[in-house]
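Peer 1: Residue numbers (the working numbering), protein chains in the order written: chain E, 62 to 365; chain P, 62 to 365.
Handing you a structure now.
And the structure:
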């Protein structure tokens, strides 16, 4: 089945469970840009799309769902599981921080905070899966996940997207893979990664997925150590460019979104915009650019 | 000239200067509701509409503009004046607080922080107007202001608003007057006021504008001591109901907008929603409700 068809089916499957997030045309720092406010999705990021698509197209075992996640994916899986009546056990690394841990806990999951970083949580989740037969939802490198994330681009086109180029932040690559799967060659998709967390950039250079060190202000959302194979395949086939941005540019874009638009997003949610504002990506004259705002789970919680 | 015509003209006049703010349909606490995110307007509230409409339809004197405001109106006037190349002197009461004072200063106005409350700032602004011939922009009770604010409702209908009833927070009444002027009897408009700052409610009871005490969490935006006469006239003619909400309900609605939608707004911006969520306004079965999110200038600044 072609990606467009998978994504169309995913869109129909999840329609009753996800929000149609708003879009707008705006000028920021003198640059016209189309925005989609996907951080307004359930649990504050696009991740709910892939989670629902996965859970709705699979027979979930009695043992329920298991996931390891430092944040947005874990919250989305926990939310989708709760809405669909499944048990979910989420392994969260301690370094995720209290805001994201509280967000996941609020979804009603069986939350297991694991000392250390993501790798430890992933190991514990795998043990649980083997021991119980629980189903694991991959955060980015699974067909159902990618097809679910692709619905955000299908929805944006249905809302009248008017752009030559779409800038998308990349961590493990589930979101951009979905966008590439949906758009094909119809529009240009540009990947944006933090300089200190650039698994796609490294893989495009090496010609294969390679492990990278991850750090920086957006690492708790974009800090995949290795790009997904689905993403890399689509990116190579479509000649995608990966643009790198500094942490300082990400923080400036985050501040501008608040100062100019009263949108308070996490650093990962401002990363794609950072490429445009910092000049890391320079549109040609007349090129119409769109930026997907992908996540809003800022820490600390501003109302806590 | 009828209000609809004035508002149509205002819409054409200000189109190049204001944002078309996004709308969405969402379910909050189990209640379906249409939202318009007007806090994404320039300077974080709908006030930019009235400010631009006023400045664009008047010959601004050499002495420029003067306004007294503790917040959103002052920021909007300062912004509009700067964009149109006029000098603006804004008198701000000290109690407005550092966030709103910084917001106004950032627009490039000649900012005068006045000890005390709004009345002192208004007195100083009046002195300046008399001494210099500067033009004063009224925050709510002037035809040009009301026509400008009415464009938000015209825009929402153009964006496909699907609602029987629109809930609007009321301070001095400029925004709701514009909505009433535009909608006439086509949709029901419900006023929402804080219990501790309810100039329209008091005026509807007394049959004429009366002075009220103002306090509470939304007072720095909704704390008008006396309702505007334009607003009261339209509200009486159209039989508008004013629903009162407690501060606690406003803060709960504010928290829910962040928790569920990642929209961080000031208390005034959550006041209309509070009526729906607290049950102060109970829709009839099948009644489709819309809520205008009108301001986002929260204090303290979450990124400061």
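For glycine and all other residues, C-beta sits at the position ideal for the given N, C-alpha and C.
None of these values were measured; they are calculated from a predicted model.
Can you pull the chain E neighbours of residue 357 of chain P, defined as C-beta to C-beta under 7 Å?
Peer 2: On the second chain, position 296 is the one that residue 357 of chain P refers to. In chain order: 323.
Peer 1: Grab me the residues of residue 330 of chain P's own chain with a C-beta within less than 6 Å of its C-beta, minus the 5 sequence neighbours each way, in chain order.
Peer 2: For the purposes of this step, residue 330 of chain P is taken as the residue at position 269 of the second chain. Closer than 6 Å at Cβ, skipping near neighbours: 100, 354, 355, 356 and 357.
Peer 1: I'd like to confirm the pairing. Which residues does DSSP put opposite residue 212 of chain P in its beta bridges?
Peer 2: Numbered from 1 along the second chain, position 151 holds the residue referred to as residue 212 of chain P. None; residue 212 of chain P has no bridge partner.
Peer 1: Assuming residue 280 of chain P contacts residue 273 of chain P under a Cβ cut-off of 8 Å, what Cβ separation, rounded to an integer in Å, is found between them?
Peer 2: The residue given as residue 280 of chain P occupies position 219 in the second chain. The residue given as residue 273 of chain P occupies position 212 in the second chain. That pair is no contact at about 11 Å.
Peer 1: Rounded to whole angstroms, what is the Cα-Cα separation between residue 305 of chain E and residue 283 of chain E?
Peer 2: Counting from one through the first chain, the residue named residue 305 of chain E turns up at place 244. Counting from one through the first chain, the residue named residue 283 of chain E turns up at place 222. Cα to Cα, the separation comes out at about 13 Å.
Peer 1: Select from the segment 77 to 88 of chain E all residues with a C-beta closer than 9 Å to any C-beta belonging to chain P, and list them in chain order.
Peer 2: Cβ contacts with chain P come from 80, 81, 82, 83, 84, 85, 86, 87 and 88.
Peer 1: According to DSSP, is residue 331 of chain E part of a helix, a strand, or is it coil?
Peer 2: Translated into the one-based positions of the first chain, residue 331 of chain E becomes position 270. Reduced to three states, the DSSP call for residue 331 of chain E is helix.
Peer 1: I need the straight-line Cα distance from residue 326 of chain P to residue 63 of chain E, nearest angstrom please.
Peer 2: Within the second chain, the letter at position 265 stands for residue 326 of chain P. Within the first chain, the letter at position 2 stands for residue 63 of chain E. The straight-line gap from Cα to Cα measures roughly 42 Å.
Peer 1: How many angstroms separate the CA atom of residue 115 of chain P from the CA atom of residue 210 of chain P?
Peer 2: Here residue 115 of chain P refers to the residue found at position 54 when the second chain is read from its first residue. Here residue 210 of chain P refers to the residue found at position 149 when the second chain is read from its first residue. Cα-Cα distance, rounded: 11 Å.
Peer 1: Do we get a CB-CB distance below 8 Å when we pair residue 235 of chain P with the residues of chain E?
Peer 2: Translated into positions along the second chain, residue 235 of chain P becomes position 174. So no, residue 235 of chain P is outside the interface.
Peer 1: Alpha carbons only, please: which of P:84, P:73, P:65 and P:91 is nearest the one belonging to residue 337 of chain P?
Peer 2: In the second chain, the residue the question calls residue 337 of chain P occupies position 276. For the residues P:84, P:73, P:65 and P:91, the minimum Cα distance to residue 337 of chain P belongs to P:91.
Peer 1: Quick one: does residue 159 of chain E have its CB under 8 Å from some CB of chain P?
Peer 2: In the first chain, residue 159 of chain E corresponds to position 98, counting from 1. False, the Cβ-Cβ gap to chain P never drops below 8 Å.
Peer 1: List, in chain order, every chain E residue whose beta-carbon is nearer than 9 Å to that of residue 217 of chain P.
Peer 2: Here residue 217 of chain P corresponds to residue number 156 of the second chain, with the count starting at 1. Ordered by position in chain E, no residue passes the 9 Å Cβ test against residue 217 of chain P, which lies about 13 Å from the chain.
Peer 1: Throw me the rounded Cβ distance for the residue 302 of chain P and residue 205 of chain P pair, which I believe falls under 8 Å.
Peer 2: In the second chain, counting from the first residue as 1, residue 302 of chain P sits at position 241. In the second chain, counting from the first residue as 1, residue 205 of chain P sits at position 144. That pair is no contact at about 27 Å.
Peer 1: What are the residues that DSSP puts in a beta bridge with residue 201 of chain E?
Peer 2: Translated into the one-based positions of the first chain, residue 201 of chain E becomes position 140. According to DSSP, which records beta bridges pairwise, residue 201 of chain E is partnered with nothing at all.
Peer 1: So residue 105 of chain E contacts chain P; which residues on that side make the cut at Cβ distance below 7 Å?
Peer 2: As a working note, residue 105 of chain E is residue 44 in the first chain. What residue 105 of chain E touches in chain P: 323.
Peer 1: When we look at the beta-carbon of residue 102 of chain E and count the other beta-carbons within 10 Å, is it buried (16 or more) or exposed?
Peer 2: Working through the first chain from its first residue, we reach residue 102 of chain E at position 41. It counts as buried.
Peer 1: Are the CB atoms of residue 150 of chain P and residue 189 of chain P nearer to each other than 8 Å?
Peer 2: Numbered from 1 along the second chain, position 89 holds the residue referred to as residue 150 of chain P. Numbered from 1 along the second chain, position 128 holds the residue referred to as residue 189 of chain P. It is a contact, given that the beta carbons lie within the stated cut-off.
Peer 1: Using a C-beta to C-beta distance shorter than 9 Å, which residues of chain P count as neighbours of residue 316 of chain E?
Peer 2: Locating residue 316 of chain E in the first chain gives position 255, where the first residue counts as 1. Result: 364.
Peer 1: Please state the DSSP three-state secondary structure of residue 179 of chain P.
Peer 2: Translated into the one-based positions of the second chain, residue 179 of chain P becomes position 118. Residue state, collapsed to three classes: helix.
Peer 1: Return no unless some Cβ of chain E is closer than 8 Å to the Cβ of residue 189 of chain P.
Peer 2: On the second chain, position 128 is the one that residue 189 of chain P refers to. By this cut-off, residue 189 of chain P is not an interface position.
Peer 1: Hey, residue 351 of chain E and residue 222 of chain E are a contact pair by Cβ (cut 8 Å); roughly how many whole angstroms apart?
Peer 2: As a working note, residue 351 of chain E is residue 290 in the first chain. As a working note, residue 222 of chain E is residue 161 in the first chain. Between residue 222 of chain E and residue 351 of chain E the Cβ distance is about 6 Å, and since that is below 8 Å, they are a contact.
Peer 1: Whose CA, out of P:162, P:184 and P:167, lies closest to the CA of residue 174 of chain P?
Peer 2: Walking along the second chain from the start, residue 174 of chain P turns up at place 113. Closest option to residue 174 of chain P, Cα to Cα, is P:162.
Peer 1: Indicate whether at least one CB of chain E lies closer than 8 Å to the CB of residue 220 of chain P.
Peer 2: Locating residue 220 of chain P in the second chain gives position 159, counting from the first residue. With 8 Å as the cut-off, residue 220 of chain P does not count as an interface residue toward chain E.
Peer 1: For the segment 336 to 351 of chain E, which residues have a CB atom closer than 7 Å to at least one CB atom of chain P, in sequence order?
Peer 2: Flagged: no residues at all.
Peer 1: Going along chain E, which residues have a C-beta under 7 Å from residue 196 of chain P?
Peer 2: The residue you call residue 196 of chain P lines up with position 135 of the second chain. Residues of chain E passing the Cβ test: none, with the nearest at roughly 27 Å.
Peer 1: Can you pull the chain P neighbours of residue 62 of chain E, defined as C-beta to C-beta under 9 Å?
Peer 2: Indexing the first chain from 1 puts residue 62 of chain E at position 1. Residues of chain P passing the Cβ test: none, with the nearest at roughly 31 Å.
Peer 1: Have a look at the DSSP bridge pairing and note the partners of residue 126 of chain E.
Peer 2: Taking the first residue of the first chain as 1, we reach residue 126 of chain E at position 65. Paired residues: E:149 and E:196.
Peer 1: So is residue 254 of chain E buried or exposed if we call it buried at 16+ other beta carbons inside 10 Å?
Peer 2: The sequence position of residue 254 of chain E within the first chain is 193, counting from 1. Counting Cβ neighbours within 10 Å, residue 254 of chain E comes out buried, since at least 16 surround it.
Peer 1: Taking the continuous beta strand (DSSP E) assigned at residue 229 of chain P, which residues delimit it?
Peer 2: Here residue 229 of chain P refers to the residue found at position 168 when the second chain is read from its first residue. Here the beta strand (DSSP E) through residue 229 of chain P covers 226 to 230.
Peer 1: Does residue 101 of chain P come within less than 8 Å of chain E when only Cβ atoms are used?
Peer 2: Residue mapping note: residue 101 of chain P aligns to position 40 of the second chain, counting from 1. Chain E, which has a Cβ nearer than 8 Å to the Cβ of residue 101 of chain P, makes this yes.
Peer 1: Can you name the residues that DSSP bridges to residue 172 of chain E?
Peer 2: Position 111 of the first chain, counted from the start, is the residue given in the question as residue 172 of chain E. Residue 172 of chain E is bridged to E:151.
Peer 1: Over what stretch of residues does the alpha helix (DSSP H) that includes residue 297 of chain P continue unbroken?
Peer 2: Mapped onto the second chain, residue 297 of chain P falls at position 236. Here the alpha helix (DSSP H) through residue 297 of chain P covers 290 to 298.
Peer 1: Given a cut-off of 8 Å on the beta-carbon distance, is the pair residue 126 of chain P and residue 196 of chain P in contact?
Peer 2: Sequence index remark: in the second chain, residue 126 of chain P carries index 65 (1-based). Sequence index remark: in the second chain, residue 196 of chain P carries index 135 (1-based). The answer is yes: Cβ separation under 8 Å.
Peer 1: Locate the beta strand (DSSP E) running through residue 237 of chain P, then write down its first and last residues.
Peer 2: As a first step, residue 237 of chain P must be located in the second chain, where it is residue number 176. That residue, residue 237 of chain P, is in no beta strand (DSSP E); its alpha helix (DSSP H) goes 235 to 244.
Peer 1: Out of E:342, E:88, E:285 and E:158, which has the shortest C-alpha to C-alpha gap to residue 276 of chain E?
Peer 2: Working through the first chain from its first residue, we reach residue 276 of chain E at position 215. Ranking the options by Cα distance to residue 276 of chain E, first place goes to E:285.
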